[in-house]
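Asker:
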Amino acid sequence: MSAANNKLCRLCPRECGVDRSVSKGFCGEKNTVRIARADVHMWEEPCISGSSGAGTVFFSGCVLKCVYCQNFEISQLSKGFEVSEERLAEIFLELQQKGVHNIDLVNPTHFVPQIIKALDIAGDKLKIPVVYNSGGYERPQTLEMLGDRVSVFLPDIKYFDAQISKKYSFAEDYFERAMEAVEKMLRIVGKPIVENGIIKRGVIVRHLILPNCRRDSVQIIRELRKRFAPDEILISLMRQYTPMYKAGNFKELNRHIAEFEYNSVLEELEKAGFDGFAQQKGADNEQFVPKFYSEDNLR
Numbered sequence: 007m008s009a010a011n012n013k014l015c016r017l018c019p020r021e022c023g024v025d026r027s028v029s030k031g032f033c034g035e036k037n038t039v040r041i042a043r044a045d046v047h048m049w050e051e052p053c054i055s056g057s058s059g060a061g062t063v064f065f066s067g068c069v070l071k072c073v074y075c076q077n078f079e080i081s082q083l084s085k086g087f088e089v090s091e092e093r094l095a096e097i098f099l100e101l102q103q104k105g106v107h108n109i110d111l112v113n114p115t116h117f118v119p120q121i122i123k124a125l126d127i128a129g130d131k132l133k134i135p136v137v138y139n140s141g142g143y144e145r146p147q148t149l150e151m152l153g154d155r156v157s158v159f160l161p162d163i164k165y166f167d168a169q170i171s172k173k174y175s176f177a178e179d180y181f182e183r184a185m186e187a188v189e190k191m192l193r194i195v196g197k198p199i200v201e202n203g204i205i206k207r208g209v210i211v212r213h214l215i216l217p218n219c220r221r222d223s224v225q226i227i228r229e230l231r232k233r234f235a236p237d238e239i240l241i242s243l244m245r246q247y248t249p250m251y252k253a254g255n256f257k258e259l260n261r262h263i264a265e266f267e268y269n270s271v272l273e274e275l276e277k278a279g280f281d282g283f284a285q286q287k288g289a290d291n292e293q294f295v296p297k298f299y300s301e302d303n304l305r
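The sequence shown begins at 7 in the working numbering and counts up by one.
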């Protein structure tokens, strides 16, 4: 039985089996969509934000529980407000009217069936690409449900080592599941297509370098090169790590990354031959974390 028809939720690799019509899943959410922000967003990769911004919708809850999450207010502290599938479709169209380049769905995994309904309600009125922006911890079966509704996938690959992913995100199987997800995403949308500097189709893999995890980051780049040709995916190497949420409980995480850490991973990326993006120095600042809301301020 597909995840769409099974009341016991198995949308993400945790397969918690909760009936989210009556209870919250591991993600912290029931099956009514909750969001905490929907607005023009200028801080995504240049090929996503462009000159007019991405139409970004931040979903509440999360299938990962990263101890350093910058968006912890919505991913783990339950900030957000309910919207119907009909209202979500309206929000997509309202963002389109603002002239954005795409609809950027941030952390959508646990609401995939509802997002599908909203996209179908919007139908042909929505004429811009949809970006699926996730933590990378996905089931291929859930991605398959999206059909051709998504044009761009923007997954994280956070960790290689299972003990690190277990310690910081409570997901010992993270790397295997994330790599399976990227392979599935590539099969769905194909190689990157960029027109006038804006991506129309394709996969961009994000990697956030963590302090004291330089070797893990280098291994991720090497594994990506083993599995993907340089022209199949783009890579976004991020240096914006800022100690937030519970990072202070982990001595090794309680600092910004050093210049040599970033440069050594960037050197490995250059050797691998992938095109993509390297984040500018100074991105590790709390001012880049958007403001989230507990009540609907969109109307």
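Note that beta-carbon positions come from the ideal geometry of N, C-alpha and C, so glycine has one too. Model, not experiment: these values are computed from the prediction.
1. Apart from the five residues just before and just after residue 25, which ones in its own chain have a Cβ nearer than 8 Å to its Cβ?
2. Counting Cβ pairs, one atom from each stretch, are 3 or more of them under 8 Å apart for the stretch 211–222 and the stretch 262–275?
3. Rounded to whole angstroms, what is the Cα-Cα separation between residue 249 and residue 243?
4. Determine the DSSP secondary structure at residue 107, reduced to helix, strand or coil.
5. Do residue 280 and residue 222 have their beta-carbon atoms positioned less than 8 Å apart in this structure?
6. Compare the beta carbon distance of residue 151 and residue 195 with 8 Å and say whether it is the shorter of the two.
7. Is the beta carbon of residue 241 less than 8 Å from the beta carbon of residue 282?
8. I'd like the span of the beta strand (DSSP E) that includes residue 151, first residue to last.
9. Going by DSSP, name the residue or residues bridged to residue 243.
10. Do you know offhand how far residue 261's Cα is from residue 147's?
11. In whole angstroms, what is the alpha-carbon distance linking residue 61 and residue 206?
12. Return the first residue and the last residue of the alpha helix (DSSP H) that residue 201 is part of.
13. What residue does the beta strand (DSSP E) around residue 45 start on, and which one ends it?
14. Could you give the first and the last residue of the continuous beta strand (DSSP E) run that contains residue 159?
15. Rounded to a whole number of angstroms, what is the C-alpha to C-alpha distance between residue 159 and residue 198?
16. Assuming residue 74 and residue 253 make a contact with CB atoms under 8 Å, what is their CB distance in whole Å?
17. Since residue 64 is in the beta strand (DSSP E), which residue starts that stretch and which ends it?
18. According to DSSP, residue 140 sits in a beta bridge with which residue or residues?
19. Buried or exposed, going by whether 16 or more other CB atoms sit within 10 Å of the CB of residue 171?
20. Alpha carbon to alpha carbon, what distance is there between residue 57 and residue 30?
21. Tell me, to the nearest whole angstrom, how far the beta carbon of residue 300 is from that of residue 85; I am working on the premise that it is less than 8 Å.
22. Taking its Cβ as the centre, do 16 or more other Cβ atoms sit within 10 Å of residue 202, making it buried, or is it exposed?
23. Could you check the C-alpha separation between residue 89 and residue 273 for me, to the nearest Å?
24. Give the single residue among 67, 298, 63, 47 whose Cα lies nearest to the Cα of residue 18.
25. Excluding sequence positions up to five away, which residues of its chain have a Cβ less than 8 Å from the Cβ of residue 163?
26. To the nearest angstrom, report how far apart residue 63 and residue 113 are at their CA atoms.
27. Determine the direct distance from the alpha carbon of residue 124 to that of residue 93, and round the result to whole angstroms.
28. Just the C-alpha distance for residue 126 and residue 81, rounded to the nearest angstrom, thanks.
29. Look up residue 7 in the DSSP assignment and say whether it is helix, strand or coil.
Answerer: Straight from the coordinates:
1. As a first step, residue 25 is located in the sequence shown; it is residue number 19 there, counting from the start. Contacts found: 13, 14, 15.
2. yes
3. In the sequence shown, the residue the question calls residue 249 occupies position 243. In the sequence shown, the residue the question calls residue 243 occupies position 237. Those two C-alpha atoms are separated by around 18 Å.
4. If you number the sequence shown from 1, residue 107 lands on position 101. In this structure, residue 107 counts as coil in the three-state DSSP scheme.
5. Walking along the sequence shown from the start, residue 222 turns up at place 216. Walking along the sequence shown from the start, residue 280 turns up at place 274. No; because the gap between Cβ atoms is not below 8 Å, this pair is not in contact.
6. Looking up residue 151 in the sequence shown gives position 145. Looking up residue 195 in the sequence shown gives position 189. Not a contact, by the Cβ cut-off of 8 Å.
7. Counting from one through the sequence shown, the residue named residue 241 turns up at place 235. Counting from one through the sequence shown, the residue named residue 282 turns up at place 276. The answer is yes: Cβ separation under 8 Å.
8. Here residue 151 is taken as the residue at index 145 of the sequence shown, counted from 1. Premise fails: residue 151 lies in the alpha helix (DSSP H), 146–151, not in any beta strand (DSSP E).
9. Taking the first residue of the sequence shown as position 1, residue 243 is located at position 237. The partner list for residue 243 (beta bridge, DSSP) reads 213, 284.
10. Reading the sequence shown from its first residue, position 255 is the one you call residue 261. Reading the sequence shown from its first residue, position 141 is the one you call residue 147. Between residue 261 and residue 147, the C-alpha separation is close to 38 Å.
11. Here residue 61 is taken as the residue at index 55 of the sequence shown, counted from 1. Here residue 206 is taken as the residue at index 200 of the sequence shown, counted from 1. Approximately 14 Å, taken between the alpha carbons.
12. Here the question's residue 201 lines up with position 195 in the sequence shown. Premise fails: residue 201 lies in the beta strand (DSSP E), 199–201, not in any alpha helix (DSSP H).
13. The sequence position of residue 45 within the sequence shown is 39, counting from 1. Run containing residue 45: 40–47, per the beta strand (DSSP E) assignment.
14. Here residue 159 corresponds to residue number 153 of the sequence shown, with the count starting at 1. Per DSSP, residue 159 belongs to the beta strand (DSSP E) from 158–161.
15. Position 153 of the sequence shown, counted from the start, is the residue given in the question as residue 159. Position 192 of the sequence shown, counted from the start, is the residue given in the question as residue 198. Between residue 159 and residue 198, the C-alpha separation is close to 10 Å.
16. Along the sequence shown, read from residue 1 onward, the residue named residue 74 stands at position 68. Along the sequence shown, read from residue 1 onward, the residue named residue 253 stands at position 247. Contact flag correct, Cβ pair sits at about 4 Å.
17. Taking the sequence shown and counting its residues from 1, the one referred to as residue 64 is at position 58. Here the beta strand (DSSP E) through residue 64 covers 60–65.
18. Start at 1 with the first residue of the sequence shown, and residue 140 comes out as number 134. 161, per the DSSP bridge assignment.
19. Numbered from its first residue, the sequence shown carries residue 171 at position 165. So residue 171 ends up on the buried side.
20. Residue mapping note: residue 30 aligns to position 24 of the sequence shown, counting from 1. Residue mapping note: residue 57 aligns to position 51 of the sequence shown, counting from 1. In a straight line, the C-alpha of residue 30 is about 39 Å away from that of residue 57.
21. Here the question's residue 300 lines up with position 294 in the sequence shown. Here the question's residue 85 lines up with position 79 in the sequence shown. About 5 Å; that satisfies the 8 Å criterion.
22. Taking the first residue of the sequence shown as 1, we reach residue 202 at position 196. The residue is exposed, with fewer than 16 neighbouring Cβ atoms inside 10 Å.
23. For the purposes of this step, residue 89 is taken as the residue at position 83 of the sequence shown. For the purposes of this step, residue 273 is taken as the residue at position 267 of the sequence shown. Those two C-alpha atoms are separated by around 44 Å.
24. As a first step, residue 18 must be located in the sequence shown, where it is residue number 12. Closest option to residue 18, Cα to Cα, is 67.
25. Within the sequence shown, numbered from 1, the residue matching residue 163 stands at position 157. Taken in chain order, the residues that qualify are 142, 181, 184, 185, 188, 211, 212, 213, 226, 230.
26. Mapped onto the sequence shown, residue 63 falls at position 57. Mapped onto the sequence shown, residue 113 falls at position 107. Whole-angstrom Cα-Cα distance: 9 Å.
27. The residue you call residue 93 lines up with position 87 of the sequence shown. The residue you call residue 124 lines up with position 118 of the sequence shown. Roughly 8 Å between the two C-alpha positions.
28. Within the sequence shown, residue 126 is the residue found at index 120, counting from 1. Within the sequence shown, residue 81 is the residue found at index 75, counting from 1. In a straight line, the C-alpha of residue 126 is about 26 Å away from that of residue 81.
29. Sequence index remark: in the sequence shown, residue 7 carries index 1 (1-based). Its pLDDT being 33, under 50, residue 7 is placed unreliably by the model, and nothing is read from it.
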